[in-house]
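Quick note: this note's numbering has the sequence shown finishing at residue 2341, numbered continuously throughout.
C-beta: ideal position from N, C-alpha, C; glycine also.
Source: prediction; values computed, not measured.
In what follows, a single structure is set out as structure tokens and then discussed.
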Amino acid sequence: MFQKPDASKDAFLEQARAAREERHMQQRRERAAVRVQALVRGFLARRGARRDVTRRLEAVLQSAAGAEESPPLVAAQEVYRCVRDYLVITGGRDGQRFGQICRYLVHSMASDSLKLCYASVALNPQHAVGWIRQMRTILAQCLTRLETLRPETAGDAPTVTLYLHMLLTFTSTSSWRLLTNPSHEKLRPVMDKLCLALLQHASAAHLMRTLKEVLVRGLARSDTQPSPPPGGAGEVLVRGLARSRPVLRHASLTACMTLALRPLVASQFSANDVSAYLISVLSVPGLVSHLQSTAPECLSAISTHGLLAKCTAHLLDQQALRIVFNTLEGNYALCLLANLVHLAYLQEPDTLASVLCPDLSLVLTRLLESLQKYVQNKRSNLSQWHPVLGWFSQPLDPRLTEALPAVRAQLQLLWSRPISAALFAGMERAPAPAPAPAGAAQPPPPDGRLAGWLRRALERGRPGAAAARRLGSAECARVALVCSLYQTALQTLTQLRSDILTSLCYGGSLLPDLWSLLRGLGPDCGLRQFVGLLGSPDGSAAPEFHVVSMFCDCMANYVVVLDDIEMYEEQKLFKLEDYVQISGFLNTFVYKIISNNLIDAKSLPTSSLFQSLHALLLLLYKRDCRRQFAPKNHWIIREIKISFLNDVEKNKKWALLLLQKVPHVLHHEERVYLFRQEVSKERLALGLTESPFTSPQSTLITIHRSRLLEDGYRQLATLSPQLLKGIVRVKFINEQGLDEAGIDQDGVFKEFLEETIRRVFDPSLSLFQTTSEQRLYPSPASSVHHDHLQLLEFVGKMLGKAVYEGIVVDVPFAPFFLSELLGHSHKNLYCSVDELPSLDPELYKNITYIKRYDGDVQDLGLTFSYDQDVMGQLVTHDLIPGGRVIPVTNENKIQYVYHLAHFRMQTQIKEQTAAFIRGFRALVRPEWLQMFSPPELQRLIAGDNVDLDVRELRKYTQYYGGFHDRHRVVVWFWDVLDKDFTQEEKKMFLKFVTSCSKPPLMGFAHLEPPFSIRCVEVGDDDDTGDTIGSMLRGFLSVRRRDPVTRLPTSSTCFNLLKLPNYQKKATLRDKLRYAIRNNTGFELS
């Protein structure tokens, strides 16, 4: 029962299994052989069929490769069958044969024979449907192939023209010769329907997209850039036109524009087709410019169909405009804007105003507003640089780089003389200010429907004289709409801002007209109306404020380049009275905005209205500070109450904001008081103020009289700003090497400070030099000292210490250098030429001559360089790179003037100025100085340049040692000082007792400590101070001995005069005069 299975049985089963697998493999081989044979037979059959249909097609067309002459025509139906079979079998993939087919079909349409004309096939009922299907296929292939062709290449350009001709021929019967035969005229309606069907199919197959791509490739892209993948709108236009030199020929360009216009005409300018035309055609960069130069008849067609008006009407719908803009995004939306402007510019002059305003102006404004959403003020990770828009949050299409100059030129037409004149047409000048209206104008609806509000204002008709002087009148509404357009352009086209303002300022009478409009609103230029409107809900969005902003921006651009001769002597556009009235309006308006919180404080930096008002206001104020045109106290706001200073100390926002933006509305004395308060607050915060519980740290330095500057620099230059702000005590060593008296308090330091400043500002030291008016500024030759920058920084610290301590020093700075100290040179509207007279009046006279030179400036032989005499050697400085070989011409003479002024006042002494300012600001915060103008800063440094007021000094004098105001010696003293001393001697006396030759900035009431006179009977070494006996003797004029040998002495640390009890007035006069003339510090006895 455990025997093994029979081996023969296993072998039998194995053989059966192998036989079964063999039969299965045989079947698979047979099926594979059949399949291979079928594929081979199919391939051979298809190849044979392709060979047959190709041979038949070639036989019909009779065209050889490279044949130049048009093929002879054969029966259209025969051609139809050949083409049908060829397309079905081959798919038309052979570009060369497809081109031959297109060329033949176009050629056949030039025949008037029903037998030969290819369109006649559609008249056969058997072939009509097939013919239409075939033409759809051919036209669709034309569009597809156009997307891949490059019109800039010599090989593709003829093919582009052929395909465009094909599309042009079979989408309209206008070129069909068959229908010119009168006997075939009855066929026109049928043929028109066929063409319309083909046109609709082509439109569905992205006709507009293909056209745009070809145009942009032919007009914008450089040849070195790779072709992008098909996409976007209008491939043909993009490829052919978006370049500096278009490659599309007249025929191709005309074909593109004709094809683009046909869907609109066929649909009677439906909204969808107009939108597609805007997106695909009018957004091609520089399209209208190229049409004007290459195919002007296309512009005539656009004008004939009133396309600009229809596009404007379509874009007036905000939803339609949003769709167009979102489809185009930023770059091509800018091109659309430029083309619309150019189309408007080409209108007839008598109709230009009606075309532009109000509809097109509103459309352009909205497009600019949409673009503005993507414009950024500064660079970020999400922004890219755009040559027109600045920092832009969308990438720039590289294909537009070459076309941007053309787009820029088109945009500049918006502020050209014809368009700006047409936009502001009808604005009348007011001969005299009209009375102010009773109430403010009503603001526009809060929903922001600006167009409707302006349109209703314009539809009211021409108002009377009284209504024309009110905000909201038809004239104001029209001007507001136009100003809104230009204001939005200024904020959006950031790189063209200067061009816009310059063109508007000098291209006509816009500035006087706008000023006349504002002045006509009332004696206060409509200030009450504007304030009332701004204070109403959503009042800041009122379009009338664009008028004010526009005037301020243009006026600022005009004033900044206005020289003194033009402003003060010639008074071309404005009289000085106008500047006074303008500045008064601006000053009060800005004050009202801040004090009444008409614009939220957080919104002020982004408010275009406030920025425009504030910029022009400061510009006029600085011009008045430099050379006065306004009456005294013109800038002071009388409404400001005394409590304002308390509001500042309490850190109330509106008070601090007013002090930051327009500090000049306060009196100078009040601002000096606030400055001293800020210093006091900082000293208190740093623990530098003495109190009953604390004593501030002091720094003691030892100064040899013979090495005053060297010792001071060595010991003070390395001190930290905080230590310098604290108490610095000075011990003087005289020429004999002995210690001088006077270590107490700060009096010796004041003497040291004044002497140090007097020496370092001496021009013979070469750290500073003087102008022709003996005003100081850093010397370009300061590098003779190897450590000149460190020395200048030390000097800046010493001057800062003087200002910080309230010590006035006799240092007259050049006005331009004071502007540098205040940081004005870094402001946008700073003009170097305006400040040049304070440095070099002769150079200013010369460059003014060049600026006004009527002949050819090149005859003067000037280049963009400046020759300077340095230590007897002539050194040439280039004003711009390679300037010494760049001649000055009439075209660039203005640039030369500004470059030269900038070099002389800034570039030449850039390092020296920076070092001095760095030291000065180490002690005096820049924000504290913003309260002052350059002349006021000079007063803060050097005090008021006024004579000593003896009566004021006497009023605030204190007496010790028995002296009193009616004491005989005291009466003699004041009489001698007032009547016998000259002004120079009075300055010497003031320096003798206070160490400063000028009165305190805010008067002797603020002299700390107060000036005092003490009666002395002995020398300083024996003086033990006031005792009861000495006071009684002084009061009763009792003398121990005759003090005729004694001289008056002083203690400048206490502002104290030690006056002996002289017996005669003449003795007092002579001794006092001798003492002040021979002052040797604290050693005089």
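According to the neighbour-count rule (16 or more other Cβ atoms, all chains shown, within 10 Å of its Cβ), is residue i buried or exposed?
| i | result |
| --- | --- |
| P1407 | buried |
| L2078 | buried |
| W1432 | buried |
| W2228 | buried |
| N1813 | buried |
| S2028 | exposed |
| S1536 | buried |
| V2131 | exposed |
| M1464 | buried |
| W1641 | exposed |
| H1598 | buried |
| A1871 | buried |
| H1960 | exposed |
| D2000 | With a pLDDT of 48 at D2000, under the threshold of 50, the modelled position of that residue is not reliable, and the figure given next carries that caveat. Exposed. |
| R2325 | buried |
| M1281 | exposed |
| E2007 | buried |
| D1479 | At D1479 the pLDDT is 41, less than 50, meaning the model places this residue with poor confidence and gives no usable figure here. |
| M1365 | buried |
Among the residues of its own chain, which have a CB less than 7 Å from the CB of residue i, if the five just before and after it don't count?
| i | result |
| --- | --- |
| E1925 | M2258 |
| R1359 | L1418 |
| C1761 | L1767, C1810, N1813 and Y1814 |
| A1507 | T1417 |
| Q2214 | P2266 and S2268 |
| Y1630 | G1586, F1648, S1649 and Q1650 |
| V1330 | V1316 |
For residue i and residue j, which I take to be in contact (beta-carbon distance under 8 Å), what is that distance rounded to the nearest angstrom?
| i | j | result |
| --- | --- | --- |
| T2026 | P2019 | 5 Å |
| V1803 | A1736 | 5 Å |
| H1462 | L1399 | 7 Å |
| V1836 | F1885 | 7 Å |
| L1515 | L1467 | 6 Å |
| N1587 | L1669 | Contact flag wrong, Cβ pair sits at about 19 Å. |
| D2066 | S2253 | 6 Å |
| I1989 | T2012 | Their Cβ separation, rounded to whole angstroms, is 15 Å, which puts I1989 and T2012 out of contact at 8 Å. |
| F1807 | L1770 | 4 Å |
Out of the options, point me to the one whose CA is closest to residue i's CA.
| i | options | result |
| --- | --- | --- |
| V2059 | E2010, S1954 and G1795 | E2010 |
| N2317 | G2218, T2163 and K2254 | G2218 |
| Q1455 | S1428, S2268, L1467 and N1437 | Note on identity: in this sequence residue 1455 is Leu, with Gln being the wrong assignment. Closest option to L1455, Cα to Cα, is S1428. |
| A1594 | S1549, L1534, P1605 and H1923 | L1534 |
| L2235 | S2253, Y2215 and R2207 | In the sequence on display, residue 2235 carries Lys and not Leu. That would be R2207, whose Cα lies nearest to the Cα of K2235. |
| T1974 | S1559, E1991, F1988 and T1955 | T1955 |
| I2197 | D2043, L2312 and K2057 | K2057 |
| V1738 | S1639, S1610 and A1263 | S1610 |
| P2191 | M2161, Y2154, V2226 and F2072 | F2072 |
| M1513 | H1570, L1420, L1584 and S1864 | L1420 |
| L1372 | R1664, R1578 and P1328 | P1328 |
I'd like the list of long-range same chain contacts for residue i, defined as Cβ closer than 6 Å, with 5 residues on each side in sequence excluded.
| i | result |
| --- | --- |
| V2144 | V2113, L2118 and Y2152 |
| A2157 | S2088, V2089 and L2092 |
| S1626 | F1581 |
| S2189 | C1881 |
Can you list, in chain order, the residues of its chain with a C-beta nearer than 8 Å to that of residue i? Leave out the 5 residues immediately preceding and following it.
| i | result |
| --- | --- |
| L2048 | L2023, P2034, S2038, Q2168, A2171, F2172 and G2175 |
| E1934 | R2181 and W2184 |
| V1309 | C1338, D1341, Y1342, I1345 and T1346 |
| A1911 | F1900, D1903 and V1904 |
Worksheet entry | Runs of alpha helix (DSSP H) lying entirely within the stretch 1751-1817, each at least 4 residues, in chain order | 1753-1762, 1766-1775, 1783-1791 and 1800-1816
Discussion item. Please give the ranges of any alpha helix (DSSP H) in the stretch 1317-1378, keeping only runs that are unbroken, at least 4 residues long and fully inside the region.
Written reply: 1332-1346 and 1351-1364
Item to complete: Ignoring anything shorter than 4 residues or poking outside the stretch 1566-1616, list the alpha helix (DSSP H) runs there in chain order.
Response: 1574-1601 and 1605-1611
Worksheet item: Mind pulling the alpha helix (DSSP H) runs of 4 or more residues that sit fully within the stretch 1887-1940?
Response: 1900-1905 and 1909-1917
Worksheet item: Enumerated in chain order, which unbroken segments of the alpha helix (DSSP H) with a length of 4 residues or greater are wholly contained in the stretch 1965-2035?
Response: 1977-1981 and 2003-2016
Worksheet item: Which ranges does the alpha helix (DSSP H) cover as unbroken runs of at least 4 residues, wholly within the stretch 1626-1656, from first to last along the chain?
Response: none
Discussion item. As an exercise, report each continuous alpha helix (DSSP H) stretch of at least 4 residues that is fully enclosed by the stretch 1825-1877, in chain order.
Written reply: 1832-1851
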